[in-house]
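This note's numbering numbers the first residue of the sequence shown as 274 and each following residue consecutively.
We put the beta carbon where it would ideally sit given N, CA and C, even for glycine.
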Amino acid sequence: MTATTTPVHEGPVARVALKSPTGQGLLDGAWWPRSRDLAVELPALADVLDPLWGRVIRVAVNPMLWPVVPRKVTVHERVLKIGWFTPELDPHTLLLLSYRSARWDLFVIPPETDAASAARLMTAACDPAGPPLTATGLMAAETARRPDATGEGGEDSAAATGSDR
274 MTATTTPVHE
284 GPVARVALKS
294 PTGQGLLDGA
304 WWPRSRDLAV
314 ELPALADVLD
324 PLWGRVIRVA
334 VNPMLWPVVP
344 RKVTVHERVL
354 KIGWFTPELD
364 PHTLLLLSYR
374 SARWDLFVIP
384 PETDAASAAR
394 LMTAACDPAG
404 PPLTATGLMA
414 AETARRPDAT
424 GEGGEDSAAA
434 TGSDR
């Protein structure tokens, strides 16, 4: 399911897709931020998730993909606490905690990802049976399927050239 709400913050609505509450697996959905700036991106995400999951109060990220990890982000008139974990948290996962004592894990699709790839990744992350891969595994599978900048690699380039690698 894709969730959107009327944004309270100024700016675009977060690009997020959420798995059905009855879904299984490691991921609860996917988020495709527009930048790698958590201070800018998290308020829009909170606007979408707060009405659905309860007020998000903490977020944890792996700093590998975020150039700056602020300790706190102001969301309207409250503070969202941010933590980071290097070995314990998949680099492509955002961990969220809410007042309802619940935990959610969102697959973070890099902002520079093209729209077609992002759509495939969001669909895979929201598979009700649970994606068969971790967030980084999903990203690696998508990268392997796309041709690289030289036109080599990925199953699409093999099919396009008629080659049988």
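| Query | Result |
| --- | --- |
| If you compare alpha carbons, which of Pro285, Gly296 and Thr359 is closest to Pro405? | Gly296 |
| Hey, how far is the Cα of Glu350 from the Cα of Ala417? | 43 Å |
| So, at 6 Å on beta carbons, what are the nonlocal neighbours of Leu338 in its own chain, with the 5 sequence-adjacent residues on each side left out? | Pro364 |
| Can you check DSSP and say which residues form a bridge with Val381? | Trp304 |
| How far does the beta strand (DSSP E) with Trp339 in it reach, from first residue to last? | Note, Trp339: premise wrong, no beta strand (DSSP E); not H, not E. |
| Would the beta-carbon of Gly302 fall within 9 Å of that of Met395? | yes |
| Is Leu369 closer than 9 Å to Met331 when the C-beta atoms are compared? | It should be noted that the sequence gives Arg, not Met, for residue 331. Their beta carbons are under 9 Å apart, which means Arg331 touches Leu369 by this criterion. |
| Could you check whether Leu311 and Val329 sit closer than 9 Å to each other, using their CB atoms as the reference points? | no |
| For Leu379 versus Leu315, is the C-beta spacing smaller than 9 Å? | no |
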